[in-house]
Amino acid sequence: MHRRKDHQKVQASQSHGKNASTAENATVKHGDDQKDVESDEDLRAQVRNDVNEENLLNMEIPPMPEPIMSADGSGQRLMITSIDVENFKSYYGKHVLGPFHQNFSAIIGPNGSGKSNVIDSLLFVFGYRASKIRSKKISVLIHSSAGRENISSCTVGVNFQKIIDLSDGGYDVVPSSQFTVSRTAFRDNSSKYTYNGKTMQFKDIAVLLRGVGIDLIHNRFLILQGEVEQIALMKPKALNENDDGMLEYLEDIIGSSRLKLPIETIQRKIDQLQEERSAQLNRTKFAEKEKNDAEGPMKSLITDLRIDNGIALAKNRLLQADRCKAKSELEANEREKEGFEKDLEDTKKRQEEVLALQKSRKDEQKQLQSSFEKAQEEYEKTKHQLSELEQAEQKRKAELLRLTNRKKKLIGDIANEEKKISELKEVPAKAKRKLEEYHEILSGIDDVIAQKQLEVDSHLKELQQQTAKFQGPKKILEEQLGELTAKEDEASSKLTLAQEALQLMRREEEMEKKKLSEIQTSLNDVKTLLESKTNDLSNVRKAIPNVDKELCNAKVEMTNKRREEAECTENVRQFMAKFEQKRQTVEAFQSQNNLLRCLMAEKSSGNIPGIYGRLGDLGAIDEKYDVAISTTCGPLDYIVVDNVDTAQTCVDFLRRQNLGIASFLVLDKQEKLRPYMAKLASTPENAPRLFDLIRVADPAVLPAFYFALRDTLVANDITTATRIGMGGSRRYRVVTLKGEVVETTGSMTGGGRSERRGRIGQKVKIDTSKESSEEISELKNQLTEEQNRLINLRSAIHQLDSRIMSLQADFDRLKKNEQNLSSDIEPLERKAVDLERRLKEQTARVESITVDDRDIQRKKAEVAELTKARDKALQEADEAREKVAEINTKIQEVYDRVVGPYQKELDEVRAKKENASKGATKEQSVLNNAQRNMNKALNRKNDLETDQRETDEAIKKLELTEDTQEADINRLTKEKIQNEKVMKEAEVRVKEAFNKNSELDAEEVELKKRCANLTRSILEQMKLLEHKQGKLTMIEGKIKALHLSYVKCLDRLPESLQSSEEEDDDYGLQEALRVEHEFFKKLKNGEITVEADKDGIIRYKNVPEYSEEEIKNFNVQDMKFALTNLEKKKVDKVLNTNGLLEYVTKLERYDREVEALSDISTKRDKHRQFYEQLKKQRMNEFMDGFTRIGLALKEMYQMITLGGDASLDLVDSLDPFSEGVAFGVRPPKKSWKQITNLSGGEKTLSSLALVFALHHYRPTPLYVMDEIDAALDFRNVSIIGHYIKDRTKNAQFIIISLRNNMFELADRLIGIYKTFDCTKSVAIDPGNIRNIIKPLHILEEMKKHKEKGDENHAVDGKYEFPQKTVGNTNASETMSTKGSKVLSVTSEDLSVNRAPSYRGSDYSAMAEKRKHTNKSEKNIRILKSSQSSVSQETTSTISVSPPTKKKSPQKSEIPTWDVPQTITVRRSRAGSQFLDEKSDDSVATKEAGGNSSRMKNVISKDASQSLNQKIVANTVSDTDRLEQFARML
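Structure (structure tokens):
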């Protein structure tokens, strides 16, 4: 079967040279959520991690997998002998499924009997999760029928062995090859695996199974129900890495898939090496360029340094002149600053006098403010009290309303009770009337009963006479039953006493442990609560100091928020103006098309920035070529986007907006066309290429135009176009100026109304630069951020007011919580100490009463023995009960006929009397209870009246408090008005004091303003001085920054590099040359000492200094003119200070890069060679296997369809791995069809043909198939069945089937049936059964010869038959006309570990007993027995009594024969019992005479289901009935 992605895979060592990585542990927890084995992708990742990327050329390639077994059937192969199940799904207890035949075993049984559970047991052992075994979790797999819900685990074991097939159809078992793999599931959804009883991890078991031919990765041996058709329906190739197609399916079987991952790994390595080589090639070219470029700058290095030195010397003179001027200006500014400082001192003295007067007046204002605040506090207090009284008044009114409503309800309830009392007064009279009626019925009914009883008694005597023959046997059986029942009761009593003793041993210990658990739980709860409250108290104490601080910070925060709000509002306004202006600008470029306009709007708003626009709007062309390009270029209306994600986003947008359909051209996918865009070297008749005539604003869109046009040429007319396009060795697509097109295939289009124009303009309509859209997106983001910020600020300002008011309430709440938590913690601590003490005491008590496990085990063993004894006694008693029940049934039939009608009349009269008696009793009860019900109603009425009086009193009390509360409210209202008046008067006085201080405040403000102006003037002078000083400092810094640069090794350089033609006529260069000579002279004489930098350049910072007299004599204009000339020479020149040292360095670097390029190229070529070698190997291996499988498939399909044809074809014949493998089928007398168009049966035949072909190519030792014939008709089922029977002798097939023409061909039948919600099984060899019933056919032939008077076959009164061989069984067949023993057969090959044997029985006594009958009789009796222990022997007995001889009434010498026959089939096993212990359905016995009698036929449509039902034969002849019985076996 194809690979199952829903089932987790195991990677064996054969796949990639090593075992799989982590799988499940020996015991898997959490059931269905745990993966049993690794996924395929995890294994691929593991292999990638194990591959040494740096040594791929030495990578070990796994060899071609060897076949597990020989295709010709020779050698060893694996088979499943049997399956051991214990409490698995519908199987209760231990069962053995099998033994299975080494070739063809069929599993049959009615629907719902548990056939598929056989497959589920295999899936369970082979590591499938519970969801794939039709269960939600592993624990559901445990058997749980009625009365068996407490089973703790289930186990399935699969028994394997290796065999060698023999030529006679038998086999030899390979020594020491037997092994068992089992899995056990537990109630906690865990499971464990064992191998020969030893616990192992599943990954290890999977490796072992793979080594013997069971591949759990691909599961080709397992075809579940409904899966057979899916094989043929596989795609040619998997759509993604997690799926499987026909290609992957075949590769896995052929073995070439092992090369796929190494090829992919090497391909990635080649790509990596190619990238590295490209980078190295670029580095090499760059190093070469640098080497060449370094030669030129070296020549001009010295001249550039001299120009720099000349500029430095000229700047030195100008800067020293500026320094002298700045010093004089600095002294003048110092004098002006001193005058401002004197005026500021006088102003400050007057300001101090005003502040002193202002302080005294502010103190007075504070006192007035205090009085105002006190009056305000009194007002708020009175207001609060008034509010509380008003709330209390509202509560009083609400309570008064509630009591009034209650009073109304009570009045209604009292009226109802009075009505009920009135009704109860009439009850006694009604009861008396009915009582009189019943007494009248009872008065004369006893006489009628007596008369009916006499009639019954008279017929009972007749009953005794007719049933006298049954009473004797019944009495004997009842006595036996009494003894057996006494034994059963005694055994049950002993068992009950033992069970109770066992429970008492553990009861006290369990109770004490329960108490211990309760104390531990209480202690944990108390500790948790104590810890929670302690943490809460700590948090409250930490929070209290922070509340007051938050209140102060809130006011400061409010001020800051107001300022931020104003700033943010201004920002929003500015961003809004910019955004609207930019958006309106971009909208001018949008197309008039609604769809395109909407897309461009999304681009402009920044939602889809990757849109370029309509292709025709992105370019322009001369009007001359408008018709040509508009007609031939269909994609001009495509919309160009940057990548696939943008295209998908656009499609989703169009779908949401319902804008229609558009075609998108993804630009990054067209980058591969750039190498072909270059202008063609030559074209026929130099015809222009249409692509070269297009103008674009953004070169990035050129690949899109090339995609649309390719190498289409332009011609003047159709004749020229035809000559250009078809005349040369290469064909071109050509379009004329009128829009006529000549294709490369030779077809021509044009004329009529096909001419189009205007799809591209003479100017580019859209600038695809992303700056506009990005700028708009950025502006929109900024605007959104500011708007959100403004909203948040305003929300924060609104919340601050509420927050300030709530902080005080929070403080009070925290204080109250602190007090409550402190009071709660202390009792919890005491309780925790007490519980810890009790926990220690209870722990000691539990340890002291622990029961010894050995006593418990002994008691359990005693219970088990008593249970066996009880069951045995129960079985014997049940058998006796059944016999008694048979006699009772016969007696009951006579009773129903003789006494039944009279007894029925008697029962009816008695029933009438009983009903009248009951009615009288009922009415008397009503009469007796009438007064009691009356009293209850009166008491209820009194209670309601009492409640009404209490309600009236409560209403009066509330009404009395109304006046008092109204007086208090009026009083507080007056106080509130008075306090409000006092508060307002104090507020007026505060305002008057504030106004008096306004004059002083104004003068203070004026003085402050004057001080500020003077201070500002001083600061301005200081800034000016600072500026002057800074300018002077800057000049000094510039002078210090000047330096002169010289080449240290100048004397060693060639003369051509040291001289310069420009030095002769330039004053600045002459000055620089002069200073340079002086410098080297001093350096040579040792007057100065300097060091060169790493580039070999000397930086000398001691420029010449000049005196004031020398500076006054400077001609500044001449110096500026010289500086200007030098700077002109310096323009656009960058000083190359690397020099000679850098040139040498670059040369060495160039040599290194060339060597590295050669190394990486060699490495890439070796990997390419290895890559091609592996690809070729994979191709050869796959094609070899593909060809062989294809031939086998064709042969198989033609054979099973009798004339059809099937083939495996490569979708791409050049590369089978690119597009995959197609499966084609031609059913008989039909055309070739796609697999999806076939019927269900045709799909099944196609899949089975492929399975058989794959088996022919690479045999698998065993196959398990579930109803593969469900979709096939009778003919095709027979063909498939015969193929499996005859052509697959080298494999074991286990097939579930409901089709008789399939399972009748099986070598062994495994019958599955269910009783009492439990599934059982039986194994039958049909071939042996057929051989056993052959003598019955001989009886029929003998009877025919007898009727014809032919007794040639009789010798001395006996019929002799040759000895037969049945399998491994010798059957001696002798039919005697006198003897009693007819047939004796012993079979030993029907099963491996429970072989049934067939023995003859002596029926002489039975024949003698039944001589009185002259009819042909037949007695078929089947005793069904449930499955028991596997080790117990199962025996079957088929007995045929010989025919008895009697005289014929005719005078013929040939004797006539009466053939009473009794066939008894009994499956006996120690401990067996009937299927229905309380019914005789398990024994079906019918007798009929001759052919004149017909028997009712009660038999299941399905042969296997008849094992669970009563069997009554209904055929014409005895032999037919025997054959029918054999088929049911």
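Here full-length UniProt numbering is used: the first residue of the sequence shown is 1, the next is one more, and so on.
For every residue, glycine included, the Cβ atom is placed at its ideal position computed from N, Cα and C.
Just so we're clear, the structure is a prediction, and the values are computed from it rather than from any experiment.
With 16 other CB atoms within 10 Å as the buried threshold, where does Phe1182 fall?
It counts as buried.
DSSP three-state assignment for Phe160, whether helix, strand or coil
Three-state result, Phe160: strand.
Contact belief for Leu944 with Glu417 at Cβ below 8 Å, rounded distance in angstroms
Contact flag correct, Cβ pair sits at about 6 Å.
Residue interval of the beta strand (DSSP E) (run including Met1265):
From DSSP, the beta strand (DSSP E) with Met1265 extends over 1262 to 1266.
List the whole-angstrom C-beta distance separating Ala873 from Lys487, where the pair is believed to meet the contact cut-off of C-beta under 8 Å.
The pair is a contact, with the Cβ atoms about 5 Å apart (cut-off 8 Å).
Backbone secondary structure at Phe1303 - three-state DSSP
Three-state result, Phe1303: helix.
Limits of the alpha helix (DSSP H) - the one that Cys633 falls within:
For Cys633, no alpha helix (DSSP H) run applies, since DSSP gives it neither H nor E.
Inter-residue spacing [alpha-carbon to alpha-carbon] between Lys420 and Lys941
Using only the alpha carbons, I get a separation of about 10 Å.
Please look up how many angstroms separate the CB atoms of Ile1200 and Leu1245, rounded, as I've assumed it's under 8 Å.
Correct: roughly 6 Å between the Cβ atoms.
Please report how far the alpha carbon of Lys860 lies from the alpha carbon of Ile119, in whole angstroms.
Taking C-alpha positions only, Lys860 is separated from Ile119 by approximately 36 Å.
Could you check the C-alpha separation between Arg77 and Tyr91 for me, to the nearest Å?
C-alpha separation (whole angstroms): 30 Å.
How many angstroms separate the CA atom of Glu248 from the CA atom of Val125?
Glu248 and Val125 have their alpha carbons spaced roughly 26 Å apart.
Return helix, strand or coil for Ala911, following the three-state DSSP convention.
It is helical.
If we ignore side chains and look at the alpha-carbon of each, how far apart do Glu1076 and Tyr1046 end up?
So the alpha carbons of these two residues sit roughly 8 Å apart.
Simplified DSSP state of residue 1611, which is helix, strand or coil:
Residue 1611 lies beyond the range of the chain shown here (1 to 1529); nothing can be said about it.
Grouping DSSP H, G and I as helix and E and B as strand, with all else coil, what is His101?
Of the three classes helix, strand and coil, the one that applies to His101 here is coil, per DSSP.
Quick check: the segment 388 to 395 against the segment 965 to 984, are at least 3 beta-carbon pairs closer than 8 Å?
They touch, by the three-pair rule.
Do Leu1123 and Lys315 count as a contact pair if the criterion is CB distance below 9 Å?
Yes, Cβ-Cβ distance for Lys315 and Leu1123 is below 9 Å.
Touching or not, the segment 89 to 106 and the segment 1297 to 1306, by the rule of three or more beta carbon pairs under 8 Å?
With the cut-off at 8 Å, the segment 89 to 106 and the segment 1297 to 1306 touch.
Counting along the chain, where does the alpha helix (DSSP H) carrying Thr1244 start and finish?
For Thr1244, the uninterrupted alpha helix (DSSP H) segment begins and ends at 1240 to 1257.
So, does the segment 696 to 711 touch the segment 738 to 749, judging by three or more C-beta pairs under 8 Å?
Of all C-beta pairs linking the segment 696 to 711 to the segment 738 to 749, fewer than three are shorter than 8 Å, placing the two stretches out of contact.
Span of the alpha helix (DSSP H), counted from its first residue to its last, around Gly1220
Unbroken run through Gly1220: none, as it is neither H nor E.
Segment contact flag, the segment 641 to 654 with the segment 605 to 612, C-beta cutoff 8 Å, min 3 pairs
Touching, yes, given that three or more Cβ pairs across the two stretches are closer than 8 Å.
Going by C-alpha to C-alpha distance, which of His439, Met1034, Arg723 sits closest to Lys922?
Ranking His439, Met1034, Arg723 by Cα distance to Lys922 puts His439 first.
Rounded separation between Glu1153 and Lys285 - CA only:
So the two alpha carbons sit approximately 9 Å from each other.
In or out: Leu667 buried (at least 16 other Cβ within 10 Å) or exposed?
Buried is the call here.
Given this structure, state the Cα-to-Cα distance separating Phe1121 from Val1103, to the nearest angstrom.
Rounded to whole angstroms, Phe1121 to Val1103 spans 20 Å at the Cα level.
According to the Cβ coordinates, are Asp617 and Gly761 closer than 9 Å?
Yes. Within cutoff.
Name the residue from Ile80, Asp84, Ile68, His101 whose alpha carbon lies nearest to the alpha carbon of Lys1285.
Per the Cα distances, His101.
For the putative contact between Glu557 and Leu790, defined by C-beta atoms under 8 Å, what is the C-beta separation to the nearest angstrom?
Rounded to whole angstroms, the Cβ separation of Glu557 and Leu790 is 17 Å, and the two are not in contact under 8 Å.
Could you name the residues of the same chain whose beta carbon sits closer than 7 Å to that of Lys348, not counting the 5 residues immediately before and after it, in chain order?
Excluding residues within five positions, the ones whose Cβ falls inside 7 Å are Cys1011.
Can you name the residues that DSSP bridges to Gln76?
Its beta-bridge partners are Ile164.
Which residue marks the beginning of the beta strand (DSSP E) containing Lys1314, and which one marks its end?
Residues 1308 to 1315.
Cβ separation of Thr184 and Ser153, assumed to be a contact under 8 Å, to the nearest whole Å
With 8 Å as the limit, Thr184 and Ser153 qualify as a contact, their Cβ atoms being about 6 Å apart.
Asp457 and Lys913 - do their beta-carbons sit closer together than 9 Å?
The answer is no: Cβ separation not under 9 Å.
Would Ala356 be called buried (16 or more neighbouring beta carbons within 10 Å of its own) or exposed?
Ala356 is classed as exposed because its beta carbon has fewer than 16 other beta carbons within 10 Å across all chains shown.
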